[in-house]
Amino acid sequence: MNDRDDTIKRIKTALERRSKKKWSVTGGRGTAWGWITIDAPPARRTWSNRLKANASPAQLSEDYEEYDTGTPDAGHIGPAERAELAQLLGLERVHHQGVSIAASGEYYREYIDRAEGRTPAKIAQPYWD
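Numbering (this note's numbering), first residue to last: 9 to 137.
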């Protein structure tokens with residue numbers, strides 16, 4: 009079994025080798041200590057959401073649109089990089105806040121396989137209700 013820090017290093021190294029670009033792979037803190045997040049580095053988190061023209065602020069997701077602020081660490085990962093990260097990990101899509109990996113050896117092994125370009129030997133199952 010891989011520990012959290014070794015898993016972070018392996019995922020980061022594999023993604024950077026395969027994509028030729030930097031990725032942020034970080035471990036959680038406090039009660040989320042074992043969880044790992046994969047995201048664009050802060051300098052590439054330039055995307056945010058705004059209310060569409062002529063839309064009323066009804067709190068519906070379809071009333072908002074993503075846009076590139078051009079400002080580093082202004083928000084989240086953009087659509088093109090989400091698609092790239094999804095492709096690198098063999099996923100259909102990636103959330104705008106990146107990928108969260110649960111704190112377990114099964115999840116760690118699955119995402120090491122994904123980052124290194126392999127079909128996971130086993131898909132981890134949630135261990136919580």
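Where is the CB? At the ideal position from N, CA and C, for every residue including glycine.
Distance, residue j Cα to residue i Cα
| i | j | result |
| --- | --- | --- |
| Glu24 | Ser64 | 42 Å |
| Pro87 | His104 | 8 Å |
| Leu59 | Arg52 | 22 Å |
| Ala66 | Trp55 | 21 Å |
| Gly78 | Asp13 | 32 Å |
| Lys130 | Ala61 | 46 Å |
| Glu114 | Glu70 | 36 Å |
| Ala132 | Thr21 | 22 Å |
| Pro128 | Glu118 | 5 Å |
| Ile85 | Lys28 | 17 Å |
| Asp137 | Trp41 | 19 Å |
| Glu100 | Ala91 | 8 Å |
Own chain residues within Cβ distance below 7 Å of residue i, not counting five before or after
| i | result |
| --- | --- |
| Arg26 | Leu96, Gly125 |
| Ile120 | Asn10, Thr15, Arg18, Ile19 |
| Leu68 | none |
Neighbourhood of residue i by C-beta distance below 8 Å, restricted to the same chain and skipping five residues each side
| i | result |
| --- | --- |
| Asn57 | Tyr72, Glu73, Glu74, Tyr75, Gly83 |
| Trp43 | Gly35, Gly36, Ser108, Ile109, Ala110, Ala111 |
Residue i and residue j closer than 8 Å at C-beta
| i | j | result |
| --- | --- | --- |
| Thr45 | Gly106 | yes |
| Tyr116 | Thr15 | yes |
Given residue i as reference, the closest of the options once Cα atoms are compared
| i | options | result |
| --- | --- | --- |
| Trp31 | Ala132, Glu89, Asn62 | Glu89 |
| Val102 | Lys17, Arg18, Ala48 | Ala48 |
| Leu93 | Arg122, Ser69, Glu114 | Arg122 |
Cβ shell of residue i (< 6 Å), same chain only, five flanking positions each side left out
| i | result |
| --- | --- |
| Asp81 | Pro50, Arg53 |
| Gly98 | Arg122 |
| Val33 | Ile16, Ile19, Lys20, Ile46 |
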